[in-house]
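In my numbering, the protein residues as written are 2 to 35.
Here a beta-carbon is modelled for each residue, glycine too, at the ideal position from N, C-alpha and C.
Given the structure is predicted, the values throughout are model-derived calculations rather than measurements.
For reference, the structure is listed below as structure tokens.
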Amino acid sequence: MSKRKAQVRAGVDAGRGHHWAAVADETGATLSSK
């Protein structure tokens with residue numbers, strides 16, 4: 002059995018009055034966005 006590591010990307014937008022974070026998988030699908 003081979004193990005495959007998941008690859009994810011995370012990004013943060015930290016504005017003066019608004020903050021946003023998002024996480025996407027290797028296909029570009031959004032896993033989390035808050």
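Output yes or no for whether 8 Å exceeds the beta carbon distance between residue i and residue j.
i	j	result
residue 23	residue 12	yes
For residue i, write down the residues that DSSP places opposite it in a beta bridge.
i	result
residue 34	23
residue 12	23
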